[in-house]
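Peer 1: Got a structure for you, written out below as structure tokens; questions coming shortly.
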Amino acid sequence: GDSVTQMEGPVTLSEEAFLTINCTYTATGYPSLFWYVQYPGEGLQLLLKATKADDKGSNKGFEATYRKETTSFHLEKGSVQVSDSAVYFCALSGGGSTLGRLYFGRGTQLTVWP
Amino acid sequence: GAVVSQHPSWVICKSGTSVKIECRSLDFQATTMFWYRQFPKQSLMLMATSNEGSKATYEQGVEKDKFLINHASLTLSTLTVTSAHPEDSSFYICSAEGQGGTNEQFFGPGTRLTVL
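If you read the sequences in order, they're chains A and B. Numbering of the first sequence is given in my numbering, commencing with residue 123 and proceeding in unit increments. Numbering of the second sequence is given in my numbering, commencing with residue 4 and proceeding in unit increments.
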């Protein structure tokens, strides 16, 4: 079945460091891929998404490219800020009968120190 | 826009009692809402899909008599954990599907349930 494997945390970085959070997936067909972010005390928010191979999603300096050949959707940011401290979830949504259903990775806690 | 609230944000109850959790879409109508459960350091696991005016669709392994879901209006879905036991202690999160064909889900902040 469809599933997402996400790099385990926690990840601790200094401000302005480069961030990569790895995410790989298993899916039948052609899923859409997402990164969600959860700030302390808040609900999950969509950070970015990509709906087909080679698409790049980007938002707030974060980027992720849908790589079908490696079944990956790694999250990157060139220079993190303290305000980026949060939990990041990779997710996929399959098509067909499972349209709309999200499969989540375990989440990666990111802490950025000033 | 697209705000989803949950109430309560946390609840502690005795074993054997029932607990109701509300999920509301505050500024949009949601035909479909989803209920997830999250264990510490685990991913969100979909429990059920709730459609307004019809019975919820439960995922395999989720007891429908244990976790009662009601989606009585386009802005409200409720999850009732019946005869709660300590193993039901968890973080419950709802989401509401937006309109306009985007299928984007908007998430509530979650409810922490602790059963003593």
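We treat Cβ as the ideally placed atom computed from N, Cα and C, and that holds for glycine. Note that this is a predicted model, so its numbers are computed, not measured.
#1: Using a Cβ cut-off of 8 Å (strictly closer), state whether B/Ser46 contacts chain A.
#2: According to the neighbour-count rule (16 or more other Cβ atoms, all chains shown, within 10 Å of its Cβ), is A/Thr173 buried or exposed?
#3: Beta carbons nearer than 7 Å to chain B: which residues of the segment 222-236 of chain A have them?
#4: With three or more beta-carbon pairs closer than 8 Å as the criterion, would you say the segment 28-48 of chain B touches the segment 71-82 of chain B?
#5: Is B/Leu49 close to chain A, meaning its C-beta is less than 8 Å from at least one C-beta of that chain?
#6: Residues in the segment 176-198 of chain A with C-beta within 8 Å of chain B's C-beta atoms, listed in sequence order?
#7: Would you kindly work out how many angstroms separate the C-alpha atoms of B/Tyr39 and A/Leu224, rounded to a whole number?
#8: Looking at the C-beta of A/Leu166, does it have a partner C-beta in chain B at a distance below 8 Å?
#9: Give me the DSSP bridge partner(s) of B/Ser76.
#10: Cβ of A/Leu135 within 8 Å of Cβ of A/Val202?
#11: Can at least three beta-carbon pairs, one atom from the segment 174-184 of chain A and one from the segment 6-21 of chain B, be found at a separation below 8 Å?
#12: Nearest-angstrom Cα distance between A/Val159 and B/Asp68?
#13: Ignoring anything shorter than 4 residues or poking outside the segment 173-207 of chain A, list the alpha helix (DSSP H) runs there in chain order.
#14: Closer than 7 Å by beta-carbon distance: list the chain A residues that pair up with B/Pro11, in chain order.
#15: Please specify which runs of the beta strand (DSSP E), each continuous and at least 3 residues long, are wholly inside the segment 19-73 of chain B, giving them in chain order.
#16: Can you list, in chain order, the residues of its chain whose CB lies under 6 Å from that of B/Arg27, leaving out five sequence neighbours each side?
#17: What is the residue span of the beta strand (DSSP E) that B/Leu100 lies within?
#18: Quick check: the Cα distance between B/Ser46 and A/Lys182, rounded to an integer number of angstroms?
#19: Residues of the segment 145-163 of chain A in Cβ contact with chain B at a cutoff of 7 Å, in chain order, please.
#20: Of all the CB atoms in chain A, is at least one closer than 8 Å to the CB of B/Glu55?
#21: May I have the straight-line CA-CA distance separating B/Lys44 from A/Glu138, to the nearest angstrom?
Peer 2: Working from what's here:
#1: As a position in the second sequence, residue 46 of chain B is number 43, starting the count at 1. So yes, B/Ser46 belongs to the interface.
#2: For the purposes of this step, residue 173 of chain A is identified with residue 51 of the first sequence, where counting begins at 1. It is exposed - the Cβ of A/Thr173 has fewer than 16 other Cβ atoms within 10 Å.
#3: Gly222, Arg223, Leu224, Phe226, Gly227, Arg228, Gly229
#4: yes
#5: As a working note, residue 49 of chain B is residue 46 in the second sequence. Chain A, which has a Cβ nearer than 8 Å to the Cβ of B/Leu49, makes this yes.
#6: none
#7: Within the second sequence, numbered from 1, the residue matching residue 39 of chain B stands at position 36. Within the first sequence, numbered from 1, the residue matching residue 224 of chain A stands at position 102. Computed Cα separation, rounded: 10 Å.
#8: Stepping through the first sequence from its first residue, residue 166 of chain A is reached at position 44. Yes - at least one Cβ of chain B is within 8 Å of the one on A/Leu166.
#9: Numbered from its first residue, the second sequence carries residue 76 of chain B at position 73. Note: B/Ser76 sits in a beta bridge opposite B/Leu79.
#10: Here residue 135 of chain A refers to the residue found at position 13 when the first sequence is read from its first residue. Here residue 202 of chain A refers to the residue found at position 80 when the first sequence is read from its first residue. A contact, by the Cβ cut-off of 8 Å.
#11: no
#12: By one-based count along the first sequence, residue 159 of chain A stands at place 37. By one-based count along the second sequence, residue 68 of chain B stands at place 65. One C-alpha to the other measures close to 32 Å.
#13: none
#14: One-based indexing of the second sequence puts residue 11 of chain B at position 8. The contacting residues do not exist; B/Pro11 stays about 14 Å from chain A at best.
#15: 22-28, 35-41, 47-54
#16: The sequence position of residue 27 of chain B within the second sequence is 24, counting from 1. Result list for B/Arg27: Ser8, Thr78, Leu79, in chain order.
#17: Locating residue 100 of chain B in the second sequence gives position 97, counting from the first residue. First, the amino acid is wrong: residue 100 of chain B is Glu here, not Leu. Taken as a continuous stretch (DSSP letters only), the beta strand (DSSP E) holding B/Glu100 covers 93-100.
#18: What you label residue 46 of chain B is simply residue 43 of the second sequence in a count that begins at 1. What you label residue 182 of chain A is simply residue 60 of the first sequence in a count that begins at 1. C-alpha separation (whole angstroms): 24 Å.
#19: Gly163
#20: As a working mapping, residue 55 of chain B is identified with position 52 in the second sequence. No, B/Glu55 does not count as interfacial toward chain A.
#21: Counting from 1 along the second sequence, the entry for residue 44 of chain B is found at position 41. Counting from 1 along the first sequence, the entry for residue 138 of chain A is found at position 16. So the two alpha carbons sit approximately 26 Å from each other.
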